[in-house]
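Residue 615 in the working numbering sits at position 125 of the sequence shown, and the numbers go up by one each step. Take a look at the structure below.
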Amino acid sequence: MPEYAPLELPDDPKLAGNITHFARALRRAGIPIGPGRVIDAIRAVEAAGFTQRRDFYWTLHACFVSRPEQRTVFAQVFRLYWRDPRYLEHMMAAMLPAVRGVQEDRGAQAAEKRAAEALLDGAEAPQSTPEEEGGTEIEVDASLTMSADEKLKTLDFEQMSTAEMAQAKAMLARMTLPVDPIAARRTRAAVSGRVDAARTLRAAMRQGGELRDLKWKKPRVRYPNLVVLCDISGSMSQYSRAVLHFLHAVSNAKGAGWARVHAFTFGTRLTNITRHLGQRDVDAALKAAGAEAQDWEGGTRIGACLEAFNRDWSRRVLGQGAVVLLITDGLDRDDPDALAKQMERLHLSARRLIWINPLLRWDEFAPKARGIAAMLPHVDSFRAGHSIASLEELAAVISRRDDVGDRDRLLRMINR
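In structure tokens form, the structure reads like this:
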């Protein structure tokens, strides 16, 4: 649990009311909490006491948190609610600009905007009147400003509020990931193309050996598989959810071109969630996927998980020129040599290996981590994946064999 300022807890007569208000804030932040859990929490705190800050935190955590992805929101709301009896004034002064979308010197931390919205619950920042500004009304020319949708497209998934994430999911559900077909070795009859000598001779034999018409053929076309390996460790949780929402739309899109979409999650172990993404309802699909992947927001063992995929799944799903999307930040503490070996094997098995890394949102990003340096030489393209705009860029170039993204630039940094 993060370190917090000393708790100024209410007296016993106000305990139930404060815990109830705290539970309402959690509910508005997206954690489903019913009256039964609130009653259990009040009784648990009364039984455990709250003389120790850590005991109080984990008592409420045990009552209100039922899924790994809820931990971050709970921690943020707890920190903001219980550290100061006058939390609302503090939130109004410190957090409201970030909630309303105004850029600050410091970006909001994970789940901070959702926690702030839950605590503020519709409060508005005080606005100065023209009289207070000296009687001068300021006019703003908005002709060159971006629309709300354009701003949302460039906003980092990690910094989105609850409402912004809901809008982003609606936009992701409408996106596509088109792919160009691949020319196969086998051919089919056509009205133009190359001369089909065998069919021409067979037709001539039926005419007594007289060659009348030439028969033509051209290559058949087929579509590749899309294989997605998605990191769901703690540092990737919010990005992974957005990407999986996008992949659900790709899996269920008609005429997108992919022969089949296979999806795997990994943190400390590899989990195949392909069958869950086939469900039409996106919420039910992601809920089922989350229930099967028990390592959400856990640690990361990229090398071990890639080894499991190469051993158990690569021959089943990487045939027919599959394209692989590897979605991870590359922050792995295992042996970099073993990781590089598994990456090389994966690269050789796939038609194209595209690495999507949300850390590329930083202009100062450099491949200093050992895991990133070990993985980078074995990918065909290295691209960002932190926003809707970055996923749109991926959709535009996924069929281009010459696209390398930022791979070559970062490889030069490694080889210096």
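Quick reminder that beta carbons are idealized off the backbone N, C-alpha and C, glycines included. All of these numbers come straight from a predicted model, not from anything done at the bench.
Next item on the list: Answer yes or no: do residue 889 and residue 718 have a C-beta to C-beta separation smaller than 7 Å?
Entry: no
Next item on the list: Measure the CB-CB distance between residue 800 and residue 750 and report whether it falls below 7 Å.
Entry: no
Check: Considering only C-alpha positions, which residue in the set 825, 828, 830, 839 is nearest to residue 803?
Finding: 839
Checklist line | C-alpha distance - residue 708 paired with residue 687, whole-angstrom precision | finding: 12 Å
Check: What is the rounded straight-line gap between the Cα of residue 771 and the Cα of residue 765?
Finding: 13 Å
Next item on the list: Please state whether DSSP places residue 568 in a helix, a strand or coil.
Entry: helix
Check: Given that a residue counts as buried once 16 or more other Cβ atoms are within 10 Å of its Cβ, and exposed if not, what is residue 700?
Finding: exposed
Notebook entry, point to check: Near residue 849, which residues of its chain fall below 6 Å by C-beta distance, leaving aside the five closest residues on each side in sequence?
Noted result: 819, 855
Note to self: What would DSSP say about residue 892, mapped onto helix, strand or coil?
What the structure shows: coil
Note to self: Which complete beta strand (DSSP E) runs does the stretch 666-703 hold, if anything under 3 residues is left out?
What the structure shows: 672-680
Checklist line | Inter-residue spacing [alpha-carbon to alpha-carbon] between residue 773 and residue 529 | finding: 28 Å
Check: How close, in whole Å, do the beta carbons of residue 729 and residue 520 come, if the pair is a contact with beta carbons under 8 Å?
Finding: At roughly 17 Å, the Cβ-Cβ gap does not stay under 8 Å, so residue 729 and residue 520 are not in contact.
Notebook entry, point to check: Roughly how many angstroms separate the alpha carbons of residue 733 and residue 566, rounded to a whole number?
Noted result: 23 Å
Notebook entry, point to check: What three-state label does DSSP hand residue 722 in the structure shown?
Noted result: coil
Margin query: Quick check on this structure: which residue in 793, 810, 544, 753 has the alpha carbon closest to the alpha carbon of residue 782?
Written below: 753
Item checked: Range of the contiguous alpha helix (DSSP H) that encloses residue 549 -> 543-554
Next item on the list: Could you check the C-alpha separation between residue 870 and residue 775 for me, to the nearest Å?
Entry: 30 Å
Next item on the list: Could you check what DSSP says for residue 710 in three-state terms: helix, strand or coil?
Entry: strand
Next item on the list: Compute the Euclidean distance between the alpha carbons of residue 768 and residue 644, then round it to the nearest angstrom.
Entry: 29 Å
Check: With distances taken from CA atoms, which of 559, 515, 561, 538 is nearest residue 572?
Finding: 515
Item checked: Residue environment, residue 659, which counts as buried when at least 16 other CB atoms sit within 10 Å -> buried
Next item on the list: Grab me the residues of residue 634's own chain with a C-beta within less than 7 Å of its C-beta, minus the 5 sequence neighbours each way, in chain order.
Entry: Since pLDDT at residue 634 reaches only 41, below the 50 mark, its modelled position is unreliable, and the value read off the structure follows with that caveat. For residue 634, where only same-chain residues beyond five positions count, there are no Cβ hits under 7 Å.
Item checked: Assigned secondary structure, residue 756 (DSSP; H/G/I helix, E/B strand, else coil) -> strand
Next item on the list: Would you list the residues sitting across from residue 761 in a DSSP beta bridge?
Entry: 755
Check: At which residues does the alpha helix (DSSP H) containing residue 736 begin and terminate?
Finding: 727-742
Check: Mapping DSSP to helix, strand and coil, what is residue 844?
Finding: strand
Notebook entry, point to check: Is DSSP giving residue 817 helix, strand or coil here?
Noted result: strand
Item checked: Residue span of the beta strand (DSSP E) that contains residue 873, given as start and end -> 871-873
Next item on the list: State the CB to CB distance for the pair residue 758 and residue 788, rounded to an integer number of angstroms; the pair is presumed to be in contact (CB under 8 Å).
Entry: 5 Å
Checklist line | For residue 459: DSSP bridge partner residues | finding: The chain is shown from 491 up to 906; residue 459 falls before or after that span and cannot be answered.
Item checked: Between the CA atoms of residue 893 and residue 899 - distance to the nearest angstrom -> 13 Å
Margin query: Taking the straight line between their C-alpha atoms, what separation do you get for residue 647 and residue 747?
Written below: 27 Å
Next item on the list: List the endpoints of the continuous alpha helix (DSSP H) containing residue 850.
Entry: No alpha helix (DSSP H) holds residue 850; DSSP gives it neither H nor E.
Margin query: Within a Cβ cutoff of 6 Å, which residues of the same chain sit near residue 678, ignoring the five residues on either side of it in sequence?
Written below: 710
Notebook entry, point to check: Between residue 545 and residue 518, what straight-line distance do the alpha-carbon atoms span, to the nearest angstrom?
Noted result: 24 Å
Next item on the list: Starting from residue 525, trace the alpha helix (DSSP H) both ways and give me its first and last residue.
Entry: 525-538
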